[in-house]
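Q: Numbering (my numbering), first residue to last: 536 to 681.
All C-beta atoms, glycine included, are put in the ideal place defined by N, C-alpha and C.
#1: Could one say the Cβ of residue 647 lies closer than 9 angstroms to chain B's Cβ atoms, at least one of them?
#2: Among 630, 648, 611, which has the Cα closest to the Cα of residue 679?
#3: For residue 672, is the classification buried or exposed, using 16 other Cβ atoms within 10 angstroms of its Cβ as the cut-off for buried?
#4: Spatial neighbours of residue 585 within its chain, please: C-beta separation below 8 angstroms, excluding the five flanking residues on both sides.
#5: What did DSSP end up calling residue 549 once you bin it into helix, strand or coil?
#6: DSSP state of residue 582, grouped into three classes?
#7: Would a C-beta distance cut-off of 9 angstroms place residue 592 and residue 564 closer than the cut-off?
#8: Can you tell me where the alpha helix (DSSP H) with residue 633 in it begins and where it stops?
#9: Express the C-alpha separation of residue 582 and residue 549 in angstroms, rounding to a whole number.
#10: Please determine, among 649, 652, 651, 676, the residue with the shortest C-alpha to C-alpha distance to residue 663.
#11: Between which two residues does the alpha helix (DSSP H) harbouring residue 636 extend?
#12: Please check the pair residue 645 and residue 553, which I expect to be a contact at CB under 8 angstroms, by giving their CB distance rounded to whole angstroms.
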């Protein structure tokens, strides 16, 4: 038996509206918002009393989605450090292909984005960078050079 596709990547956020604004500015589309709670949510997460606001955003091509989640209950257990280096074990970034990396970084700065390093050129193929987005996650951007 094989997987069919990757459905989404989940990100827990503190400020749902700010996170949605960040990803919409990046170029994603808000697919919808909902509240998740009840026995199925408890069973799936292994938590008791789950009440969670979620928003689904998708890439313009419709192939990739992020599920943004803001937990109302149970209380979020301590946020990790926001400035973790890139080489920490575990999930550490989501990468997006963009058509103009410098414009994208400039548009995201008012939404709290900060470059982790700087925009780098990989041979004659790509411009690449990492920036911190909502809840301190690292978002990668890649512009293919033609």
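A: The answer reads as follows:
#1: The structure shown contains no chain B, having only a single protein chain.
#2: Here residue 679 refers to the residue found at position 144 when the chain shown is read from its first residue. When only C-alpha atoms are compared, the closest one is 630.
#3: What you label residue 672 is simply residue 137 of the chain shown in a count that begins at 1. Residue 672 comes out buried.
#4: Residue numbering aside, residue 585 sits at position 50 when the chain shown is read from its first letter. Only 571, 572, 573, 576, 577, 606, 608, 609 meet the Cβ criterion.
#5: Here residue 549 is taken as the residue at index 14 of the chain shown, counted from 1. Coil, per DSSP.
#6: Residue mapping note: residue 582 aligns to position 47 of the chain shown, counting from 1. Coil, per DSSP.
#7: For the purposes of this step, residue 592 is taken as the residue at position 57 of the chain shown. For the purposes of this step, residue 564 is taken as the residue at position 29 of the chain shown. Yes. Within cutoff.
#8: Within the chain shown, the letter at position 98 stands for residue 633. Here residue 633 belongs to no alpha helix (DSSP H); instead the beta strand (DSSP E) covers 628-633.
#9: Taking the first residue of the chain shown as 1, we reach residue 549 at position 14. Taking the first residue of the chain shown as 1, we reach residue 582 at position 47. Spanning the two alpha carbons is a distance of roughly 18 angstroms.
#10: Residue 663 sits at position 128 when you count from the first residue of the chain shown. It is 676 whose Cα lies nearest to the Cα of residue 663.
#11: As a working note, residue 636 is residue 101 in the chain shown. Residue 636 -> alpha helix (DSSP H) spans 636-643.
#12: Stepping through the chain shown from its first residue, residue 645 is reached at position 110. Stepping through the chain shown from its first residue, residue 553 is reached at position 18. Going by Cβ atoms, the distance from residue 645 to residue 553 rounds to 11 angstroms, so no, they are not a contact pair.
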